[in-house]
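Chains as they are written, first to last, in my numbering: chain A, 6 to 258; chain B, 6 to 258. Beta carbons are placed, not taken as given, at the ideal position from N, Cα and C, and that holds for glycine.
Protein chains: 2
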Amino acid sequence: MPAAPEIRILALGRFPEVTPGMDLPALILAAATDVDLTLAPGDILIVTQKIVSKAEGALVDLRTVTPSDLAQRWATAWGKDPRQIEVVLRESKRIVRMGNGVIISETHHGFVCANAAVDASNVAGHDLVSLLPRDSDASAQQIRAALSAALGFDLPVIISDSFGRPWRFGIVNVAVGVAGLAPIIDYRGQTDPHGYLLNASVLAIADELTSAAELIMGKLDGRPVAVVRGYPYTPAEGSVSELILDPARDLFR
Amino acid sequence: MPAAPEIRILALGRFPEVTPGMDLPALILAAATDVDLTLAPGDILIVTQKIVSKAEGALVDLRTVTPSDLAQRWATAWGKDPRQIEVVLRESKRIVRMGNGVIISETHHGFVCANAAVDASNVAGHDLVSLLPRDSDASAQQIRAALSAALGFDLPVIISDSFGRPWRFGIVNVAVGVAGLAPIIDYRGQTDPHGYLLNASVLAIADELTSAAELIMGKLDGRPVAVVRGYPYTPAEGSVSELILDPARDLFR
Numbered sequence: 006m007p008a009a010p011e012i013r014i015l016a017l018g019r020f021p022e023v024t025p026g027m028d029l030p031a032l033i034l035a036a037a038t039d040v041d042l043t044l045a046p047g048d049i050l051i052v053t054q055k056i057v058s059k060a061e062g063a064l065v066d067l068r069t070v071t072p073s074d075l076a077q078r079w080a081t082a083w084g085k086d087p088r089q090i091e092v093v094l095r096e097s098k099r100i101v102r103m104g105n106g107v108i109i110s111e112t113h114h115g116f117v118c119a120n121a122a123v124d125a126s127n128v129a130g131h132d133l134v135s136l137l138p139r140d141s142d143a144s145a146q147q148i149r150a151a152l153s154a155a156l157g158f159d160l161p162v163i164i165s166d167s168f169g170r171p172w173r174f175g176i177v178n179v180a181v182g183v184a185g186l187a188p189i190i191d192y193r194g195q196t197d198p199h200g201y202l203l204n205a206s207v208l209a210i211a212d213e214l215t216s217a218a219e220l221i222m223g224k225l226d227g228r229p230v231a232v233v234r235g236y237p238y239t240p241a242e243g244s245v246s247e248l249i250l251d252p253a254r255d256l257f258r
Numbered sequence: 006m007p008a009a010p011e012i013r014i015l016a017l018g019r020f021p022e023v024t025p026g027m028d029l030p031a032l033i034l035a036a037a038t039d040v041d042l043t044l045a046p047g048d049i050l051i052v053t054q055k056i057v058s059k060a061e062g063a064l065v066d067l068r069t070v071t072p073s074d075l076a077q078r079w080a081t082a083w084g085k086d087p088r089q090i091e092v093v094l095r096e097s098k099r100i101v102r103m104g105n106g107v108i109i110s111e112t113h114h115g116f117v118c119a120n121a122a123v124d125a126s127n128v129a130g131h132d133l134v135s136l137l138p139r140d141s142d143a144s145a146q147q148i149r150a151a152l153s154a155a156l157g158f159d160l161p162v163i164i165s166d167s168f169g170r171p172w173r174f175g176i177v178n179v180a181v182g183v184a185g186l187a188p189i190i191d192y193r194g195q196t197d198p199h200g201y202l203l204n205a206s207v208l209a210i211a212d213e214l215t216s217a218a219e220l221i222m223g224k225l226d227g228r229p230v231a232v233v234r235g236y237p238y239t240p241a242e243g244s245v246s247e248l249i250l251d252p253a254r255d256l257f258r
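Here you go:
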């Protein structure tokens, strides 16, 4: 009798408060050791954006920010901090919608999300907000390179953040940086068991991997890194840009 | 040294071709036995929509469908089957967008998705398309009730389907029916380790659970049911309606 195919999602141990300049790969190895977890070939590492941004110093001290008129008006209308709104505007390449106190904008990476992913949660210091890593693929690649060198095998890395979606309530984890695996699986051109040609089946695997990892991370537990073990990923350089919808095909520009 | 917290995603065995009137709970128990998997308290069952729709007979024989003028024109413009487009229009409460050959519409359940989730893939018979279950929460509840009675403990059930998203390329699994667990976790009002009041953190757990399950199901492997083991869900009656964004708050109506 064959055993049930299985994927495991494992949380590394708790992290110290991450501050700019810290050696994130070293902290990751220590957090694995803390829970007696030996990273192994085939593992995929999922790292929360927040600790990457903190280690890279992708933080803004709001005391250094002078709000523009638009930021000031929006903040007044919706009871927000005008300095934080100004940072949102600065991080935005394009405003997609403004309403209900939320700014949906496109970041310079091409992500469309609420408030340009500028976030005051889980940041030490009441006047600090975190930004997304400047080049989140490069951030993932740096972690991958350092850990792969230390471990002696290639360890793919996905950086995750929690984004809202239109139409559905609640946020889910998605990939914001990818290194070492193909972020999508394209079934187009293959046929199903009935011979039907699949024509719409491109799966956003990297997003599903980060959503799976979120289940073990939680929001309040201080476990910002997880391992997905047993998923047969496709090795590739990979880039989160593969997960961004071609504007020409996007009905919701 | 504490062990790494862990969640397991397990695939049940392969299913026979499901046809209307089949006893899906019995098939699920058999598919668990096939891979020596003993369902246990704390497990969450994720069931692909397609087999639920097939068992319920939520199928349309396109030979019985007369396309409307709109369906005919759209099908001609984009090289589609006008009868299938007619079914999409019938399954739609509201058209959200039409473009690039895709109809984004709101189903009577309140889901916004491509082509009202009408699907010709993985259906036996070239003139058959599948619909979403009429009342997908009730479908989940029926499976939950039958399996819970057979097993002697409560087994929450989520019915999943693959939906596209604006802005991001690729489809991901989401919940379309829920029974036996709270589909969201609301962190609002709680504070992070730095004392910051979380104000936007409502996690769509049921969607993340289905995305995790998709990783083990695949599209071509004939494994339409998975178990998530070790996730500390909140028992509740639950409804997928909790995952539908209040139209008043949706900037993308």
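Contacts of residue i in chain A (Cβ-Cβ under 7 Å)
i, result
"B/Ala8", "Val40, Asp41"
"B/His199", "Asn127, Val128, Ala129"
"B/Val207", "Phe174, Gly175, Ile176"
Contact set between residue i and chain B, taken where Cβ atoms lie within less than 7 Å
i, result
"A/Ile12", "Ile14, Leu220, Ile221"
"A/Leu34", "What A/Leu34 touches in chain B: nothing, since even the nearest Cβ is about 14 Å away."
Which of helix, strand or coil DSSP assigns to residue i
i, result
"A/Ser246", "helix"
"B/Arg102", "strand"
"B/Arg170", "coil"
"B/Leu156", "helix"
"B/Asp255", "coil"
"B/Asp74", "helix"
"A/Asp66", "strand"
Cβ distance (whole Å) where residue i is taken to contact residue j below 8 Å
i, j, result
"B/Glu96", "B/Ala76", "The pair is not a contact, with the Cβ atoms about 12 Å apart (cut-off 8 Å)."
"B/Phe158", "B/Pro46", "4 Å"
"B/Leu50", "B/Leu133", "Between B/Leu133 and B/Leu50 the Cβ distance is about 26 Å, and since that is not below 8 Å, they are no contact."
"A/Arg173", "B/Leu248", "5 Å"
"B/Ala9", "A/Val40", "4 Å"
"B/Ser135", "B/Lys55", "6 Å"
"B/Val181", "A/Leu256", "Rounded, the Cβ-Cβ distance is 21 Å, inconsistent with contact."
Chain-ordered neighbours of residue i on chain B, where CB pairs are closer than 9 Å
i, result
"A/Ser244", "The contacting residues do not exist; A/Ser244 stays about 12 Å from chain B at best."
"A/Val117", "Pro171, Trp172, Arg173"
Whole-angstrom distance between residue j and residue i, CA atom to CA atom
i, j, result
"A/Glu219", "B/Glu213", "8 Å"
"A/Gln146", "A/Ser244", "10 Å"
"A/Asn105", "A/Trp83", "8 Å"
"B/Ala129", "A/His199", "6 Å"
"A/Pro21", "A/Ala231", "16 Å"
"A/Gln89", "B/Gly62", "53 Å"
"B/Asp251", "A/Ile109", "17 Å"
"A/Pro237", "A/Ile210", "11 Å"
"A/Tyr192", "A/Leu15", "28 Å"
"B/His114", "B/Ser58", "15 Å"
"B/Ser216", "B/Pro87", "32 Å"
"B/Pro240", "B/Ile189", "11 Å"
"A/Arg68", "B/Val179", "41 Å"
"B/Glu11", "A/Arg13", "7 Å"
"A/Asp142", "A/Val183", "5 Å"
"A/Gly223", "B/Val70", "48 Å"
"B/Cys118", "B/Val177", "12 Å"
"A/Leu137", "A/Ala125", "12 Å"
"B/Glu242", "B/Ile148", "13 Å"
"B/Asp166", "A/Leu208", "12 Å"
"B/Arg234", "B/Ile221", "13 Å"
"B/Val162", "A/Asp28", "42 Å"
"A/Leu152", "A/Leu186", "15 Å"
"B/Pro7", "B/Gly227", "37 Å"
"A/Ser144", "A/Ser206", "29 Å"
"B/Arg102", "B/Asn120", "10 Å"
"A/Arg254", "B/Arg254", "25 Å"
Contacts that residue i makes with chain B (C-beta to C-beta distance below 8 Å)
i, result
"A/Asp255", "Pro171, Trp172"
"A/Val107", "Leu256"
"A/Ile189", "Phe174, Gly175"
Contact with chain D by residue i, beta-carbon distance below 8 Å
i, result
"A/Gly104", "Absent here is chain D; the protein component of the structure consists of chains A and B."
Closer than 8 Å at the beta carbon, the chain A residues around residue i
i, result
"B/Leu17", "Ala9"
"B/Gly227", "Pro198"
Contacts that residue i makes with chain A (C-beta to C-beta distance below 9 Å)
i, result
"B/Asp212", "Arg170, Arg173, Gly175, Val177, Ser216"
"B/Ile249", "Trp172, Arg173, Phe174"
Exercise for review: Within the segment 175 to 244 of chain B, note down every full alpha helix (DSSP H) run reaching 4 residues or more, in order along the chain.
Suggested key: Those alpha helix (DSSP H) runs which fall completely within the segment 175 to 244 of chain B and span 4+ residues are 210 to 222.
Review point. Hey, which unbroken runs of the alpha helix (DSSP H) at 4 residues or more fall wholly within the segment 14 to 43 of chain A?
Key: Taking 4 residues as the shortest admissible run, the segment 14 to 43 of chain A contains the following complete alpha helix (DSSP H) segments, listed from N- to C-terminal end: 29 to 39.
Review point. What are the complete alpha helix (DSSP H) segments, minimum 4 residues, inside the segment 82 to 129 of chain B?
Key: Runs found: 87 to 95.
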